Amino acid sequence: MQSFLGIYIHIPFCTNICNYCDFCKIFYNKKYINNYLDNLEKEIKSRYKGEIVNSIYIGGGTPTSLDKDELERLFKITKIFNKSKDIEFTIESNVESLNLDKIKLLKKYSVNRVSIGVQSFDKDILKLLNRNHNKEKTIDIIKKLKTNGLTNINIDLIYGIIPNRDVLKKDLDIFLELDIPHISCYSLIIEPHTYLYINDYHNIDDNIEYDDYKYIRDRLLDNNYNHYEISNYSKLGYESSHNINYWDNGNYYGFGLSAVSFIDNKRISNTKNLSKYLKGNYIDSIELEDKDIRMSNTMILGLRKIDGVNINSFKDIYNEDINKVFDIDKLLEDKLLMIEDGYLKINPKYLYLSNEILINFLERKN
Ligand code: SF4
95 MQSFLGIYIH IPFCTNICNY CDFCKIFYNK KYINNYLDNL EKEIKSRYKG
145 EIVNSIYIGG GTPTSLDKDE LERLFKITKI FNKSKDIEFT IESNVESLNL
195 DKIKLLKKYS VNRVSIGVQS FDKDILKLLN RNHNKEKTID IIKKLKTNGL
245 TNINIDLIYG IIPNRDVLKK DLDIFLELDI PHISCYSLII EPHTYLYIND
295 YHNIDDNIEY DDYKYIRDRL LDNNYNHYEI SNYSKLGYES SHNINYWDNG
345 NYYGFGLSAV SFIDNKRISN TKNLSKYLKG NYIDSIELED KDIRMSNTMI
395 LGLRKIDGVN INSFKDIYNE DINKVFDIDK LLEDKLLMIE DGYLKINPKY
445 LYLSNEILIN FLERKN
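This is the structure in structure tokens:
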């Protein structure tokens with residue numbers, strides 16, 4: 095039986111550049127789009143071998159920054175894929191680039207999950223981030239999605255921009271009122287070369303960040319959301335299968351500028367240079383991952399899941415015991431890691447320390 099296979103497609107264009115953005119993106123310019131889509135189609139046809147795909151995720155950039163005709167062309171390209179019956183088909187979008195015509199197009203081409211970069215409902219925070227939407231427009235677009243049958247919605251929320259519990263509380267109040275089945279919550283990391291960094295904004299104090307993390311988790315659990323990955327919560331059955339496949343270190347193709355694939359133990363990284371991509375030089379590097387690297391990746395990605403890593407599955411795949419490959423005794427003794435129902439996982443009490451625990455874990459390779 096073929097295991098799960100995901101497809102990631104990167105659309106790097108954005109009509110507005112956010113003050114914190116460190117992703118591979120380019121200001122939307124109509125003159126590049128057709129050429130980009132031509133190359134995307136060529137790249138897919140040159141590498142995809144007709145396997146059944148279980149998820150498609152169109153990310154960016156802002157895929158919905160494409161106009162209606164460009165978006166339709168993109169969806170026609172996705173017809174190349176041999177889709178499983180229960181495929182999860184996600185598109186990332188932002189509030190200002192979505193409208194009723196585009197929503198109808200999503201339905202027409204069987205997109206069944208929409209992830210919206212909301213980030214906050216607070217007008218001052220949105221201004222600081224240089225996002226052009228507001229609370230009213232966000233609520234309106236979510237209503238339009240739902241009334242058109244697109245109910246499987248995620249919103250991305252950023253916290254820790256400034257230390258202000260009131261803003262976080264209100265953001266979660268509005269999210270809960272909207273009755274959306276999935277939320278990804280990220281604390282803002284101010285990356286070098288971004289507008290915020292250059293203008294002397296700093297990451298908030300670790301203790302405030304940890305308190306915010308606990309506050310979010312408690313409120314979402316109290317409201318029947320399942321915490322299934324460090325930053326991700328969903329109503330039961332609305333977990334993102336595409337992202338779970340990443341955390342399972344599963345196979346996926348990545349197409350488009352800067353996209354990464356992991357297929358048959360090969361990590362293939364596409365170029366981040368648009369001119370190279372548009373000339374057909376899609377791939378930047380190919381690395382064959384040996385067993386050691388794969389075991390480390392399986393653990394580091396797998397421990398991001400709240401359920402952790404299945405100890406027997408690890409043994410079946412690698413013919414090795416986790417506790418012989420990694421020296422985990424001290425982490426278990428300190429109760430940072432725990433074993434429950436055959437899974438090795440981060441102790442939920444210390445999830446807010448997950449980055450430190452994962453670094454510590456990697457250093458304990460025998
Ligand atoms: S929409 Fe996303 S990719 Fe585009 S600039 Fe903002 S954060 Fe970056």
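Going by this note's numbering, the residue at position 241 of the sequence shown is 335; the numbering climbs one at a time, nothing skipped. For glycine and all other residues, C-beta sits at the position ideal for the given N, C-alpha and C. Every value quoted in this text rests on a predicted model; they were computed, and no experiment measured them.
- Residue range Lys124 to Arg141 is occupied by the alpha helix (DSSP H) that includes Lys136, with no beta strand (DSSP E) assigned at that position.
- By the neighbour-count criterion, in which 16 or more other beta carbons inside 10 Å mark a residue as buried, Leu438 falls on the buried side.
- The continuous alpha helix (DSSP H) containing Ile310 extends over residues Asp300 to Asp316.
- Secondary structure at Ile416: helix, using DSSP grouped into helix, strand and coil.
- Boundaries of the alpha helix (DSSP H) around Ser335: Ser335 to Trp341.
- Every unbroken stretch of the beta strand (DSSP E) spanning 3 or more residues and falling wholly within the region 332–406 is given here in chain order: 345–349, 354–357, 360–364 and 377–382.
- In the structure shown, the three-state DSSP call for Lys439 is strand.
- In this structure, the straight-line span from the alpha carbon of Lys238 to that of Leu194 is close to 7 Å.
- It is roughly 12 Å from the alpha-carbon of Phe107 to the alpha-carbon of Glu164.
- If you ignore the 5 residues before and after Asn359, its C-beta comes within less than 7 Å of the C-beta of Leu382, Glu383 and Arg388, all in its own chain and listed in chain order.
- For Lys119, the shortest C-beta to heavy atom distance toward the ligand SF4 is below 7 Å.
- For Thr241, the enclosing alpha helix (DSSP H) begins and ends at Lys229 to Thr241.
- Here the alpha carbons of Asn413 and Ile298 stand approximately 43 Å from one another.
- Judged by DSSP secondary structure, Tyr322 falls within the beta strand (DSSP E) whose first and last residues are Asn320 to Glu323.
- In the three-state reduction of the DSSP assignment, Lys162 falls in the helix class, which pools H, G and I.
- Lys177 carries a strand assignment under DSSP once its states are collapsed to helix, strand and coil.
- Considering only Phe455, Glu145, Asp180 and Tyr319, the residue with the shortest C-alpha distance to His276 is Tyr319.
- For Ile111, the CB falls within less than 7 Å of some heavy atom of the ligand SF4.
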